[in-house]
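Per the numbering used here, the sequence shown starts with residue 1, numbered consecutively. Each residue gets a CB set at the ideal place from its N, CA and C atoms; glycine is no exception. What follows is a short report on a single structure.
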Amino acid sequence: MVNKKKSKRVSLKDIAEKVGVSTALVSYVLNGQEKEKRVGEKLVTEIRAALKEMNYVPNHIARSLRNGKTQTIGFIVTDIANPFFSTMARCVEDEASKYGYTVIIGSSDENCEKSKRLVNTLLNRQVDGFIIVPADGCYDYAVTLANDEVPMVMVDRYIPDLTSSYIVLENFKASFDAVQYLIKKGYKNIGMLAYKTSLIHMKERIRGYEEAVRLNGLEKNLYNIRYGFLKSDIHKALQSLDGSSKNKIDALFFATNTLSIAGLYQIRQMNLKVPQDIALIGFDGNEAFDFFYSPLTYVKQPVYEMGKEAVRILIEQIDGSKKISHISLPPQLVLRDSC
Numbered sequence: 001m002v003n004k005k006k007s008k009r010v011s012l013k014d015i016a017e018k019v020g021v022s023t024a025l026v027s028y029v030l031n032g033q034e035k036e037k038r039v040g041e042k043l044v045t046e047i048r049a050a051l052k053e054m055n056y057v058p059n060h061i062a063r064s065l066r067n068g069k070t071q072t073i074g075f076i077v078t079d080i081a082n083p084f085f086s087t088m089a090r091c092v093e094d095e096a097s098k099y100g101y102t103v104i105i106g107s108s109d110e111n112c113e114k115s116k117r118l119v120n121t122l123l124n125r126q127v128d129g130f131i132i133v134p135a136d137g138c139y140d141y142a143v144t145l146a147n148d149e150v151p152m153v154m155v156d157r158y159i160p161d162l163t164s165s166y167i168v169l170e171n172f173k174a175s176f177d178a179v180q181y182l183i184k185k186g187y188k189n190i191g192m193l194a195y196k197t198s199l200i201h202m203k204e205r206i207r208g209y210e211e212a213v214r215l216n217g218l219e220k221n222l223y224n225i226r227y228g229f230l231k232s233d234i235h236k237a238l239q240s241l242d243g244s245s246k247n248k249i250d251a252l253f254f255a256t257n258t259l260s261i262a263g264l265y266q267i268r269q270m271n272l273k274v275p276q277d278i279a280l281i282g283f284d285g286n287e288a289f290d291f292f293y294s295p296l297t298y299v300k301q302p303v304y305e306m307g308k309e310a311v312r313i314l315i316e317q318i319d320g321s322k323k324i325s326h327i328s329l330p331p332q333l334v335l336r337d338s339c
């Protein structure tokens with residue numbers, strides 16, 4: 001029987017000796033802190049080359065025992081199939097890796113019980129902190145995390161009166177500007193499709209729509225769509241577009257990405273021409289919009305900046321910062337052919 005000699009794990013000291021620097025410098029590069037610690041570009045290149053050449057594998061278990069951290073982050077979204085959240089997930093993963101962190105992603109499907117299970121599972125896996133998109137009506141776990149001082153940042157939406165950091169869009173401005181644009185284009189009967197929810201970001205989008213039509217002396221045409229009845233509720237709401245109504249809707253504003261996609265499908269089924277029969281503005285970009293015969297004008301969210309800021313703030317909290325950050329980012333109206 002041949003005895004195989006177990007290969008020795010390459011250490012930071014081995015890398016440091018090869019390059020001729022201290023282990024601290026190697027650690028800075030490994031953890032993405034070279035700019036912060038002002039390590040020269042030439043040295044960074046040499047250290048990275050040595051790490052690759054010597055097949056260095058970080059010993060996360062040893063690091064965890066040494067500093068009490070697992071170098072993992074829990075990221076809970078409401079719907080990973082939504083392009084907005086899948087794009088953000090990629091951004092969060094990429095940004096976290098610069099700090100030496102791995103991201104564990106879970107999707108709650110806007111389900112309260114599933115949200116709680118995901119949080120408990122990730123706590124059992126000893127994640128160092130959370131980036132959370134809170135589900136509708138499910139706030140007790142977030143309150144518990146905040147009370148227990150677990151590092152946590154909310155994105156896309158937040159829970160009013162909860163002392164926690166968040167990064168969101170200026171949702172009121174997003175809706176207000178979109179509807180004002182439709183009004184300036186001459187549309188008078190503007191409808192809005194929004195989810196029926198208690199979530200603050202949706203309330204702010206609705207408030208922006210209502211304020212724009214109020215200031216211009218127009219009628220409000222708000223259609224509340226239930227999460228579990230997306231297709232049927234949109235079908236029912238759009239029946240007012242059949243031409244029989246005296247105050248026929250001549251423009252529609254969709255409050256989310258998923259509502260935009262479902263609404264476009266229904267409008268095609270009804271053989272309505274865009275923008276001749278009805279003008280449209282959606283929320284968030286989506287590849288599906290490019291395949292629609294009249295590319296959709298939409299509100300663009302700074303998804304990459306949101307993800308990047310969420311990671312930065314969370315890492316600061318994990319490292320001991322007690323600062324609470326409330327960041328609202330401006331929207332951008334991307335003009336295309338649908339209005």
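From Glu149, Arg205 and Leu193, residue whose alpha carbon lies closest to that of aspartate 319: For the set Glu149, Arg205 and Leu193, the Cα lying nearest the Cα of aspartate 319 is the one of Glu149.
Alpha-carbon spacing of glutamate 211 relative to phenylalanine 176, whole angstroms: 7 Å
In DSSP terms, what leucine 222 is bridged to: Met192
The region 121-129 in contact with the region 150-170 per 3-pair CB rule at 8 Å: yes
C-alpha distance - valine 39 paired with glutamate 46, whole-angstrom precision: 11 Å
Cut-off 7 Å between Cβ atoms - residues of its own chain near phenylalanine 283, not counting five sequence neighbours on either side: Excluding residues within five positions, the ones whose Cβ falls inside 7 Å are Phe254, Ala255, Thr256, Asn257, Ser260, Tyr298 and Val299.
For serine 107, three-class secondary structure by DSSP: strand
Cβ-Cβ separation, alanine 251 to tyrosine 187 (assumed contact under 8 Å), whole Å: Alanine 251 and tyrosine 187 do touch by the CB rule: their CB atoms are close to 4 Å apart, below 8 Å.
Exposed unless 16 or more other CB atoms sit within 10 angstroms - verdict on arginine 157: buried
Entirely enclosed beta strand (DSSP E) segments - the region 109-178, minimum 3 residues: 129-132, 152-155 and 165-169
Distance CB(valine 303)-CB(threonine 72) smaller than 7 Å: Not a contact, by the Cβ cut-off of 7 Å.
Option in Gly100, Leu215, Lys236 and Glu287 with minimal Cα separation from glutamine 180: Taking only the C-alpha atoms, the option nearest glutamine 180 is Leu215.
Own chain residues within Cβ distance below 6 Å of tyrosine 227, not counting five before or after: Glu110
Assigned secondary structure, glutamine 332 (DSSP; H/G/I helix, E/B strand, else coil): strand
Environment of leucine 335 [buried if 16+ CB atoms lie within 10 Å]: exposed
Backbone CA spacing between glutamate 17 and serine 11 [nearest angstrom]: 10 Å
Simplified DSSP state of alanine 237, which is helix, strand or coil: helix
Spatial distance of glycine 191 from valine 143 (CA atoms): 36 Å
Cα-Cα separation, valine 92 to phenylalanine 75: 8 Å
Enclosing beta strand (DSSP E) for isoleucine 76 [first to last residue]: 72-77 is the extent of the beta strand (DSSP E) around isoleucine 76.
Near the ligand HEM: tyrosine 293 beta-carbon under 6 Å from a heavy atom: The ligand HEM is absent from the structure shown, which contains no ligands of any kind.
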